[in-house]
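A.B. asks: Counting from 52, one number per residue, gives the positions in the sequence shown under this note's numbering. The beta carbon of each residue, even a glycine, is placed where N, CA and C say it ideally should be.
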Amino acid sequence: MKPVKLVFSGLHSYREEQWIDFRELAGYGLFGIFGPTGAGKSTILDAITLALFGHVERAERGRRGILNQQESQLRVAFTFELGGQEYRVERHYVRDRTDPFAVRARNARLVQLGPGDAVREVLASSPHEVDEHIIKLLGLRKEDFTRAVVLPQGKFDEFLKLTGGERARMLEYIFCLERYGDELAEKAKGVLEECEQRLAEIAAEEAGMGDASGEALARARREAELQAAKVEALERQVEACRARWQQLEEARRLHDRLEEARARRAALEEQLPTVEGYRRVLELAARAEPLRQELEREKRLAMDLNRLRENLARVSALEKQAGEAWATCRRQLEEAEERRAREWPRWQERFALVKGAVERARERKILLEELQEREASLRELGRHIRQVNLELDRERATLRALKERQREAAARLQSPAVMPEEKERLVKAAEVLALLEDRERQALNWDLKYAEQKRLLEEKQHVLTRLLRRRFPGLALSPETDLEGLIEGAVREAEEKARNLRRSLEEAWRARNAASLAAGLRDGEPCPVCGSLVHPCPAGGEDLSRPVEDLARAQEAAEKEVAEVRRWRDEAFRIKSEGKALERALVEGITPERDRIRREVGELTALFLQTAGGLGRDGVRARLEEIRQEEQRLAALGAEMKKRAEEVEELEARIRDLEVRLQGMILKESALKGEIASKRAQEGELRKKIEAAAGEQDPSALLRAIEGKMGQMEAEVARLRRLERKAQEELQEARRNVAGLESELRALEGEERELRIHVEERLKAVGFSGREEARAALLEEERRRSLLAAVEDFERRLYAASEEIKYLEGQLAGRGFNRDDWQEEKRRLEEGERELIAARNRLAVCQNELERLERNHRRWLELQEEKQQFARRRELADLLRRLLSGRKLVEFLAEEQLRDMALEASRRLGSLTGQRYALELDERGDFILRDDFNGGQRRPVSSLSGGETFLTSLSLALALSSQLQLRGRYPLGFFFLDEGFGTLDAEKLEVVMQALEKLRRGACLVGVISHVKELRERMPVYLEVIPAGPDGRGSRVRLVRN
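1) From residue 515 to residue 623, what does the alpha carbon distance come to, in whole angstroms?
2) What are the residues that DSSP puts in a beta bridge with residue 143?
3) Taking the CB atoms as reference points, tell me whether residue 140 and residue 118 lie closer together than 9 Å.
4) Thinking residue 959 and residue 1010 are a contact (beta carbons under 8 Å), I'd like their distance in whole angstroms, please.
5) Please identify the residue among 511, 775, 763 whose C-alpha is closest to the C-alpha of residue 385.
6) Return the first residue and the last residue of the alpha helix (DSSP H) that residue 309 is part of.
7) Under the three-state reduction of DSSP, which class applies to residue 495: helix, strand or coil?
8) If I follow the unbroken beta strand (DSSP E) through residue 60, where does it start and stop?
9) Quick check: the Cα distance between residue 782 and residue 367, rounded to an integer number of angstroms?
10) What are the partner residues of residue 71, as DSSP defines its beta bridges?
11) Identify whether residue 366 lies in helix, strand or coil by the three-state DSSP scheme.
12) Can you name, in chain order, every residue of its own chain whose Cβ lies under 7 Å from the Cβ of residue 613, other than the five neighbours on each side?
13) Answer yes or no: do residue 968 and residue 982 have a C-beta to C-beta separation smaller than 9 Å?
14) Classify residue 857: buried if its beta carbon has 16 or more other beta carbons within 10 angstroms, exposed otherwise.
15) Report yes or no: do three or more beta-carbon pairs, one from the region 429-448 and one from the region 709-720, lie closer than 8 Å?
16) Between the alpha carbons of residue 276 and residue 903, how many angstroms are there, rounded?
17) Taking residue 640 as the reference, which of 946, 702, 488, 505 has the closest Cα?
18) With distances taken between CB atoms, is the gap from residue 124 to residue 157 smaller than 9 Å?
19) Which of the three DSSP states, helix, strand or coil, is assigned to residue 341?
20) How many Å lie between residue 127 and residue 424 at the Cα?
21) Grab me the residues of residue 457's own chain with a C-beta within less than 8 Å of its C-beta, minus the 5 sequence neighbours each way, in chain order.
22) Leaving out the 5 sequence neighbours to the left and right, which residues in its chain are closer than 6 Å to residue 206 when beta-carbon positions are compared?
23) Using 10 angstroms around the beta-carbon of residue 817, count the other beta-carbons present and answer buried if the total reaches 16, otherwise exposed.
24) Alpha carbon to alpha carbon, what distance is there between residue 729 and residue 722?
25) For a test of the three-state rule: what should DSSP assign to residue 995, helix, strand or coil?
26) To which residues of the same chain is residue 610 closer than 8 Å at the C-beta, ignoring the five residues directly before and after it?
27) Going by beta-carbon coordinates alone, are residue 659 and residue 494 separated by less than 9 Å?
28) Answer yes or no: do residue 806 and residue 363 have a C-beta to C-beta separation smaller than 9 Å?
29) Taking only runs that begin and end inside the region 80-139, name each unbroken alpha helix (DSSP H) of 4 or more residues, in chain order.
30) Give every residue of the same chain whose Cβ lies closer than 7 Å to the Cβ of residue 152, excluding the five residues on either side of it in the sequence, and list them in chain order.
31) Leaving out five residues before and five after residue 407 in sequence, what residues of the same chain have Cβ atoms less than 8 Å from its Cβ?
32) For residue 1012, count the other beta carbons within 10 Å of its own beta carbon; 16 or more makes it buried, fewer makes it exposed. Which is it?
33) For residue 249 and residue 905, I'd like the C-alpha separation in whole angstroms.
34) Apart from the five residues just before and just after residue 266, which ones in its own chain have a Cβ nearer than 6 Å to its Cβ?
35) Assign residue 969 to one of three DSSP states: helix, strand, or coil.
Listed below in structure tokens is the structure:
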């Protein structure tokens, strides 16, 4: 991971947006951040941790008090490179309305960048999602980040002073060791449960299949073959019966068709009178059809004449009404025009006067809005002035309290310190005590090992004794007993017994085979053994089957006994060998080491009593703890005084800023008051002019009323003019309609007379006496077609019935038909088909059962193989789960990782101290310091001075950063340090700078925050932090090259 760019604003003493391009700094590898105390150097690290984790380490509750007092929002964006891919995390905070020193998150997002800083993908878009994604991406929590990567003020030696358990848990997380603990155990447990579940499913499936053996499969095949033979025989019988029935069925069908055809012809002959009536109706309709159009035209003309006479009467009445309406509208229009000409000039004069008042009212409204806005600004400004006064009072009270605490801390620093000689003597006593307790623990462990070894040895001897007495119950064992001879004798005895039984069984087999051959010999037939035709003395014919079977069972039991005795012999020899190994380890290894440790305990006890000065173990620890607490108290007081000085400086700067802001607000308040008085005078003048024109009424409403009245007069005249024109048009339209209807009526009456004469002549010509007789003879087209179709259908059916009778009589050719014979043969056929269907169903059941058994048998074979695989896998998973119980593997890996890191840190510490100091781990996993210039004496890290603590913590941080891999994939590419250089002399400072320069030559960007002048002169490039000034500008950052 490498930083690329940092952009932030509104954080602590910074107001304007600041840009830091780490790519330009990365070209040098090592850079510094310098500036006066309180300028905002550490704020740059705060911006990085705030962007990544939404948290500032030194702020109350992580974010309280981080927003600049003169700003309302805070923004930070950090771009970094990870695995060749660039990401940008952005956060935006605003001031909390309920707490002026708190902030709340407005938004946050994490994006993946493409070429040209274009957003390729949004990975997270809320503060919670960003927090989770950053931890997943980096593999570090904020606590680990500030312990190993960015070391802020007050946190530098935190990793050094963690307890062994806390340090192990941190390493377990950042080196991803948790996957070897609970996660791996859960996986093993999951595999075990999966195997057990699968084995249970296999057992259930086997139970559900039933008998799927080869014997069941063979029985099913035999049953299917038997049913197939039965079906084949029945099919032949049914086919013969069906042939006989088909001949009888053909004769029955022809006979029934003949009877049916004769019945149809008789029924049709009864319908002849009706059909003749249809023919006469069709003939009359054919004579009347040529007159259809004239008759229908005559009827339509009569209807049209009646309708026309009715319309003429109605339109004449409408013409009279239209004339009366036009006269009324004309009179009303003349009256309205006269009234408008009389009143219009007075309303025009009133309209002009009120319109001027409306314009003044609009100006007055704008003036009142401006006046309200200025008064609101005045009230808001007054509220701000009161708030700034309150804030000034709070800051001044805080400043007084801080100065009082500074005086108290300075007074406490005058208390006497611990004597160096006493501390050195007690530190040496503590080192001796640590070695003494270590040797005492080792002695206890060796005692426990000795007791455990003795117990195991006795247990092996007891097990061997029980094993021998199980084979030889009455045997009295003593140290002189030849166990190997006794055990081998038992084995030889069992083997000899098995050989004797094997020989007896072979003789019995030969005798039974000879008797079997003798029983088959016949005189004159050759012997199958010797070929002789004469058999004077054949073997006896007694039954030898039972003795052979008894001997076979006895021989099999003897073989099992031999195998059991051999296993017993191997087990006895194994237990005896293990006992000898335990005894040898006890005598040669454990006892000498236990005695050596006890001697060292005695020597260290004497040395401790010599150096402790009469204090016991607890007394030495208590006195060292008092010295450590006193030194910590003095260091804390020094740090507190430094912190209080920075806080006083920041408070005084804020108070100056608040006083400047207060003076500006007071001047602005005075200007606003003058502007408000001027606008109030303008508003009074406008109000008097409006009242003179409109009185107490609203000018706009009065203007709208006047406009409405004038509009009504215009609208009334226009409406009456439209009504007059419409009435005149309706009168003219009515007169045209009357003339048209009268002309149309005269034409229709002439046409009607001519048509009546023509129809009477045509009726006489076709033989009809009158119009009604001709209309009655006419038929609708559908009715005519229906009658014609009925006649044609009758003739066709009568012909078809006669022809069918002739055909069927020819087919029968005089053959007779017996229905009883036909029914009997049909019954036989149906009975045979039912039997055949039943046999086929039985055959299908057998075939289905055979197919099921074949499938089940194949599946049964597959399940046996799968069961073996899952049983083996279950054993392995159960073994792995038992091995992973607890956290032993994770603790071992964390301890090994810590030891590797301690070796790396010890190497760096030796380089920093001229090979004087080295770092080690005790049995509890805590760090101890070894002083090689004082004979390798060891002392706890709590006894280190400030400079020693700084060098040791730096070595640890560098070792951790060099070994740390983000999620096992990407190395760390930067390291920030913000503390400690003020505790080093010139020589140690030179050594530390050389170490940091070596680190940056290893492709790691190293940043140092300090105010030490010598450091700034050594930096090839650095960021200079310019503090906030009295003009209201915030802190600023600029790049400087040496």
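C.D. replies: In brief:
1) In a straight line, the C-alpha of residue 515 is about 6 Å away from that of residue 623.
2) Residue 143 pairs with 126, 158.
3) With a cutoff of 9 Å on beta-carbon distance, residue 140 and residue 118 are scored as not near each other.
4) At roughly 6 Å, the Cβ-Cβ gap stays under 8 Å, so residue 959 and residue 1010 are in contact.
5) For residue 385, the nearest C-alpha among the options comes from 775.
6) Unbroken alpha helix (DSSP H) run through residue 309: 265-320.
7) Of the three classes helix, strand and coil, the one that applies to residue 495 here is helix, per DSSP.
8) First-last of the beta strand (DSSP E) with residue 60: 53-60.
9) Take the alpha-carbon of residue 782 and the one of residue 367: they are about 11 Å apart.
10) According to DSSP, residue 71 bridges with 57.
11) Residue 366 sits in a helix when the DSSP states are folded into three classes.
12) Only 545, 546, 549 meet the Cβ criterion.
13) Contact flag set, yes.
14) Result: exposed.
15) With the cut-off at 8 Å, the region 429-448 and the region 709-720 touch.
16) Going by the C-alpha atoms only, they are around 16 Å apart.
17) Out of 946, 702, 488, 505, the CA that lies nearest to the CA of residue 640 is found in 505.
18) Taking the C-beta atoms as reference points, residue 157 is found nearer than 9 Å to residue 124.
19) If DSSP states are grouped into helix, strand and coil, residue 341 belongs with the helices.
20) When rounded, the distance between both Cα atoms is 35 Å.
21) Answer for residue 457: 692, 695, 696, 699, listed in chain order.
22) Residue placement at residue 206 is poorly supported in this model, since its pLDDT is 48, which falls under 50; the coordinates still yield a value, given next. Setting aside the 5 residues that flank it on each side, residue 206 is surrounded in the same chain by 197, each with a C-beta closer than 6 Å to its C-beta; the list follows chain order.
23) Counting the other Cβ atoms within 10 Å of the Cβ of residue 817 gives fewer than 16, which makes it exposed.
24) Between residue 722 and residue 729, the C-alpha separation is close to 11 Å.
25) Correct three-state label for residue 995: coil.
26) Listed in chain order, the non-local C-beta contacts of residue 610 below 8 Å within the same chain comprise 549, local neighbours out to five positions each way being set aside.
27) At least 9 Å separates the beta-carbon of residue 659 from that of residue 494.
28) The beta carbons of residue 806 and residue 363 sit no closer together than 9 Å.
29) Qualifying alpha helix (DSSP H) stretches, in chain order: 93-104.
30) Once the five neighbours on either side are set aside, the close Cβ partners of residue 152 are 115, 116.
31) Around residue 407, the same chain offers 744 as residues with beta carbons nearer than 8 Å, after the five sequence neighbours per side are excluded.
32) Buried, because 16 or more other Cβ atoms sit within 10 Å of the Cβ of residue 1012.
33) Each residue's CA atom was taken as its position, placing residue 249 and residue 905 some 23 Å apart.
34) Here the set comprises nothing.
35) Strand at residue 969.
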